[in-house]
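Q:
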Amino acid sequence: MSLPGSPVFSASSLPAIAVLGGGAAGFFGAIACAEANPQQRVYLLEKSPKLLS
C-alpha cells in the first residue's frame, strides 16, 4: 500500500542509502542499514583515510 502522491519503487529502482561519517555510529549504522535492506546499495562516506577514527 502506498499513500497518494508518494513514490513507488521497484526492487531494481530503490534509492541508495548514503551514510556520512565513518565513526562508530556511522559505521554500525551503515551495517544496520545494509542488513535491514539487503536489496539496497549502502554507501559509507568518510573524509579521513581510516574508519572508526
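In my numbering, the protein residues as written are 8 to 60. In this text, a Cβ means the ideal position worked out from N, Cα and C, and glycines have one as well.
(1) Check the DSSP bridge columns for VAL49 and list the partner residues they point to.
(2) Using a Cβ-Cβ cutoff of less than 7 Å, which residues in the same chain neighbour LEU21 once the five nearest sequence positions on both sides are dropped?
(3) Can you tell me whether ALA39 is buried or exposed, with buried defined as 16 or more other CB within 10 angstroms of its CB?
(4) In angstroms, rounded to a whole number, what distance separates the CA positions of PHE34 and ALA23?
(5) Please state the DSSP three-state secondary structure of GLY29.
A: Quick answer:
(1) Taking the sequence shown and counting its residues from 1, one reaches residue 49 at position 42. ILE24, per the DSSP bridge assignment.
(2) Taking the sequence shown and counting its residues from 1, one reaches residue 21 at position 14. Here the set comprises GLN46, GLN47.
(3) Within the sequence shown, residue 39 is the residue found at index 32, counting from 1. That one is exposed.
(4) The residue labelled residue 34 in the question sits at position 27 within the sequence shown. The residue labelled residue 23 in the question sits at position 16 within the sequence shown. Taking the straight line from one Cα to the other gives about 16 Å.
(5) In the sequence shown, residue 29 corresponds to position 22, counting from 1. Residue state, collapsed to three classes: coil.
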